[in-house]
Amino acid sequence: MKTKLITALGFLGLASASHAQFAGMNGGILLGGGYLEDPDEGYAFLQLRGTFYEDDAIAHTVFLEILGHADNAVLEFPAAGGGVFLENGDITFANYTLNYELEAKLSSGFSFYAGGGAGIEYISLDDRFDFSIDSDTNFVAQAFAGLRFKFGGSVSAQLGARYLWREDFALLGDQFVTKDSMAYELSVAFRF
Amino acid sequence: MNKVSFRFVSIPVRVSVSLLSTASALLLASCSSSRTVGAEWELPAGRSVSKTVIDSDVMIASGSELEVAYSDRNRYFVAAGAALVGFEKGVQNTKIYAETGAVIPDRRRLRGFTVVTVKDAKKAYRDRYKQLPPPDMKPGTGKQVSVVPVVGVGVGAGFWGGGWSRWGSSRSRGASRPASVRPSSYKKKE
Numbered sequence: 069m070k071t072k073l074i075t076a077l078g079f080l081g082l083a084s085a086s087h088a089q090f091a092g093m094n095g096g097i098l099l100g101g102g103y104l105e106d107p108d109e110g111y112a113f114l115q116l117r118g119t120f121y122e123d124d125a126i127a128h129t130v131f132l133e134i135l136g137h138a139d140n141a142v143l144e145f146p147a148a149g150g151g152v153f154l155e156n157g158d159i160t161f162a163n164y165t166l167n168y169e170l171e172a173k174l175s176s177g178f179s180f181y182a183g184g185g186a187g188i189e190y191i192s193l194d195d196r197f198d199f200s201i202d203s204d205t206n207f208v209a210q211a212f213a214g215l216r217f218k219f220g221g222s223v224s225a226q227l228g229a230r231y232l233w234r235e236d237f238a239l240l241g242d243q244f245v246t247k248d249s250m251a252y253e254l255s256v257a258f259r260f
Numbered sequence: 007m008n009k010v011s012f013r014f015v016s017i018p019v020r021v022s023v024s025l026l027s028t029a030s031a032l033l034l035a036s037c038s039s040s041r042t043v044g045a046e047w048e049l050p051a052g053r054s055v056s057k058t059v060i061d062s063d064v065m066i067a068s069g070s071e072l073e074v075a076y077s078d079r080n081r082y083f084v085a086a087g088a089a090l091v092g093f094e095k096g097v098q099n100t101k102i103y104a105e106t107g108a109v110i111p112d113r114r115r116l117r118g119f120t121v122v123t124v125k126d127a128k129k130a131y132r133d134r135y136k137q138l139p140p141p142d143m144k145p146g147t148g149k150q151v152s153v154v155p156v157v158g159v160g161v162g163a164g165f166w167g168g169g170w171s172r173w174g175s176s177r178s179r180g181a182s183r184p185a186s187v188r189p190s191s192y193k194k195k196e
């Protein structure tokens, strides 16, 4: 799963870069991590960015984002005769979203950004051998804002927060509750 | 005269035989129907025991199997590779603290107990007075069910000492599929 994800990200990155050059957009990549209040888990994210308009005051950017977090789980296997056998597993949540961001440039390299996006959340249940057991796909949306600081022309760091709307998910026939949640994050971006 | 003396002898003999029979029956009954009441008990590794357990805390070490006939007001601590089975005569007010890799009864088929997954059953047993809540007091129905550890179907073979490396790093697609999942951070919708 992870290998496939990295490969897909690589292709997306190449496609994004070539497209950016072709269309005259400024491309970029952003890597970050954060803390999701509910369910009290850390997460990581990657953005493939394209700025389609920029002047001294504002910038308009669209980006594809993959945001993921994981949760431990206990799997109950049926044992002959009606018992169960307990085993460790894990659940991976991957949000694939398309987003728009408006950046308002302040002074001394600082800028304020805000935006929103929507997409799908892919939930995968794996056993302890990383063998996929079950999966679910749901709608997800988000709104975000933060402060960005530019180091020179191509590198920037940002501190932000986002609000995630997520749907309940189902695995192995059971429905599980997800709550909309705030998240806080730190990230680094590179422009090319 | 002879008849009278025979009566005087036969009555004490009958009483003695009766008492001996009763005592033997009681002794036999107590031996054949093993029962543990109000105990703090550790089942060592490699043992297989059948019992009725009441008002007890029981630690079941890896490689052991405890077959319980009837269970009431107990706390079981089941290590990975151990099995808690049986409950043919019912179960109620019982809590099972199980490591992953333990064989325990299926909650959907047998009521009267709750399951808590713990990382270290031995530690949970040692710390049971300061950390663990009392057994669930919800009354159970005591449905009859037998529980047998899984052998040779892709799950649970670690219980039989083969080691978790038996399957290498892959599980065949034909292997047993889990019946349910309990995420750590997400609650099941009721």
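Those protein sequence lines, which keep their order, are chains A and B. Under the numbering used here, think of the first position of the first sequence as 69, with each following residue one higher. Under the numbering used here, think of the first position of the second sequence as 7, with each following residue one higher. Note that CB positions come from ideal geometry on N, CA and C, so glycine has one too. None of these values were measured; they are calculated from a predicted model.
Check	Outcome
Closest Cα partner of Gly151 of chain A within the set B:Asp78, B:Leu116, B:Ile102, B:Ala127	B:Leu116
Neighbouring residues, chain A, relative to Lys128 of chain B (Cβ below 8 Å)	Near Lys128 of chain B there are no residues of chain A at all, since even the closest Cβ is about 16 Å away, more than 8 Å.
Where Ile191 of chain A falls, given that 16 or more other Cβ within 10 Å makes a residue buried	buried
Inter-residue spacing [alpha-carbon to alpha-carbon] between Ala83 of chain A and Ile188 of chain A	Bear in mind that a pLDDT of 45 at Ala83 of chain A, under 50, signals an unreliable position, so the model cannot answer this.
Amino acids of chain A, ordered along the chain, whose beta-carbon sits closer than 8 Å to that of Lys193 of chain B	Phe244, Val245
Beta-carbon contacts of Ser191 of chain B that lie in its chain and below 7 Å, excluding the five residues immediately before and after	none
Meets three-Cβ-pair contact criterion under 8 Å: the stretch 74-81 of chain B and the stretch 94-113 of chain A	no
N-terminal and C-terminal residue of the alpha helix (DSSP H) that Tyr131 of chain B is part of	127-132
Coarse secondary structure for Tyr135 of chain B, derived from DSSP in three states	helix
Closer than 7 Å to chain B by CB, Ala141 of chain A	yes
Tyr135 of chain B versus Tyr231 of chain A: straight-line alpha-carbon distance, rounded	42 Å
Check whether Gln210 of chain A and Ser255 of chain A have beta carbons under 7 Å apart	no
Nearest-angstrom Cα separation, counted from Asp63 of chain B out to Gly44 of chain B	8 Å
Whole-angstrom distance between Glu105 of chain A and Val55 of chain B, CA atom to CA atom	47 Å
Residues near Ala251 of chain A in its chain [Cβ-Cβ closer than 8 Å; skip 5 each side]	Gly102, Tyr103, Leu104, Glu105, Tyr111, Ala229, Arg230, Tyr231, Leu232
Nearest-angstrom Cβ-Cβ length linking Phe217 of chain A and Phe178 of chain A, presumed shorter than 8 Å	6 Å
Whole-angstrom distance between Arg183 of chain B and Gly157 of chain A, CA atom to CA atom	12 Å
Of the residues A:Gly184, A:Arg117, A:Thr160, A:Ala125, the one placed nearest Ser203 of chain A, counting alpha carbons only	A:Thr160
Enclosing beta strand (DSSP E) for Ala75 of chain B [first to last residue]	71-84
Ser54 of chain B - partner residues in DSSP beta bridges	B:Glu71
Cβ-based burial, Gly118 of chain B [other Cβ within 10 Å; buried from 16]	buried
Gly183 of chain A versus His128 of chain A - alpha carbon distance	10 Å
Interface residues of chain B facing Gly183 of chain A [CB-CB closer than 9 Å]	In chain order: nothing, as chain B lies at least about 27 Å away.
Continuous beta strand (DSSP E) stretch holding Asp63 of chain B: start and end	63-66
Counted within 10 angstroms of its Cβ, other Cβ atoms place Arg132 of chain B as buried (16 or more) or exposed	exposed
Residue environment, Ala125 of chain A, which counts as buried when at least 16 other CB atoms sit within 10 Å	exposed
Proximity winner among B:Lys57, B:Arg113, B:Ala86, B:Asn99, relative to Ala67 of chain B (alpha-carbon distances)	B:Ala86
CB contact below 7 Å: Thr123 of chain B versus chain A	yes
Distance between Phe83 of chain B and Thr100 of chain B (C-alpha atoms, nearest Å)	11 Å
Continuous beta strand (DSSP E) stretch holding Glu133 of chain A: start and end	126-146
Ser255 of chain A Cβ short of 6 Å to the ligand GDP heavy atom set	As for the ligand GDP, it is missing from this structure, which has no ligand bound.
Below-7 Å beta-carbon distance, Ala88 of chain B vs any chain A residue	no
C-beta atoms of Asn167 of chain A and Glu122 of chain A nearer than 7 Å	no
Pair within 7 Å by beta-carbon distance, Lys195 of chain B and Val208 of chain A	no
Cutoff 6 Å; reference Val59 of chain B; Cβ partners in own chain excluding five residues on either side	Thr42, Val74, Ser77, Asn80
Interface flag, Met143 of chain B vs chain A, CB-CB below 7 Å	Bear in mind that a pLDDT of 40 at Met143 of chain B, under 50, signals an unreliable position, so the model cannot answer this.
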